[in-house]
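Following: one structure in structure tokens, then a few remarks.
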Amino acid sequence: MKRGTGFIIAAPSSGSGKTTITLGILRAFKRLGVDIRGAKSGPDYIDPRFHEAASGIPCFNLDAWAMSPERITSLAAGETPLVIEGAMGLFDGAPPDGRGSVADLARQLCLPVVLVVDASRIAQSIAPMVIGFAQFDSDVHVVGVILNKVGSARHETILRRALMPSGLPVLGAIPRSEGVVQPSRHLGLVQAQEREDLDVFIESAADLVANNIDLDLLSGLSQPLPTTEIARKLAPPAQRIAIARDNAFAFAYPHLLQDWQ
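For the sequence shown, the numbering used here assigns the number -8 to the initial residue and increments by one for each residue that follows.
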């Protein structure tokens, strides 16, 4: 990827495979010698730890609901390429206008969106769904599709042919892989620090990505990150405080801790 560029990984809904594919992309680029950052949209305290493990660079949250535009811009800016993983569906946010959604973040940062679609239970009907997402908001630029959980070579051919009228490139087709599955529980994924097999899992995800996604084409779709905008730091607490940081107390926004130090 070119320096100072980025893109967003989004999906029609949760459970589409965004996290696994994002981790695979981060590690695949790292293997190629590319310094690359990961970020997560919304108030997600679990996925950023996975991003950091995959890229080797601290991850941060970009929360279009809780953060000011200046804060979002200052965090996203920089020369190191950036891959942002969306949360839930692309347009899922607070009613009535979807504030805080991945689409809201894409508008603020003017970054392109790559749509990950779970194709395990769909064939030609993928076309109206993808076209609908691409055309729903002219200020949100869906630039490509990654097919996930593809059942066979024939299934992939059907999906690719169905998407031809959309004009969107199919960046890759990830086959079903029972061995590359993220365990989850009530709050979402099992936390990164609890997985002894984490690096093995990330390496497997990177193999899937490297073997099935056109990374050169994906890189070519990235767009410039916003220019640096210095956000006003949050006022520190009124007195010296201690913050617990271990497996039991791991949910915190890194940028808040940095501002308070």
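All C-beta atoms in this analysis are idealised placements derived from N, C-alpha and C, irrespective of residue type, glycine included.
Measuring only the C-alpha atoms, how far is P156 from K140? A straight line joining the alpha-carbon of P156 with that of K140 spans about 22 Å.
Let me check understanding here. Comparing Cα to Cα, which of A243, G29, P39 lies closest to T(-4)? Of the candidates A243, G29, P39, the residue whose Cα lies closest to the Cα of T(-4) is G29.
Does the distance from the CB of F(-2) to the CB of V74 come in under 8 Å? Result yes, Cβ atoms of F(-2) and V74 sit closer than 8 Å.
Buried versus exposed, by CB contacts within 10 Å (16 or more), R176: Bear in mind that the predicted position of R176 carries a pLDDT of just 43, short of 50, making it unreliable; the figure below should be weighed with that in mind. Counting other Cβ atoms within 10 Å of its Cβ, R176 stays below 16 and is therefore classed as exposed.
Quick check on E194: does DSSP put it in helix, strand or coil? In this structure, E194 counts as helix in the three-state DSSP scheme.
Leaving aside the five residues before and after I193 along the sequence, list all residues of the same chain whose C-beta is less than 7 Å from its C-beta, in chain order. L14, R18, A44, A45.
Given A55, which residues of its chain have a CB within under 6 Å of its CB, disregarding the five upstream and five downstream residues? If we look at A55 and ignore the five residues flanking it on each side, its Cβ neighbours are G91, D95, L96.
According to DSSP, is D218 helix, strand or coil? Reading off the sequence shown, one finds Thr at residue 218, where the question assumed Asp. When secondary structure is reduced to three states using DSSP, T218 falls in the coil class, being assigned neither helix nor strand.
I'd like to know whether the C-beta atoms of V133 and V104 end up nearer to each other than 8 Å. Yes, these two residues count as a Cβ contact at 8 Å.
If you follow the alpha helix (DSSP H) that A85 is part of, which residue opens it and which one closes it? A85 -> no alpha helix (DSSP H), and no H or E assigned at all.
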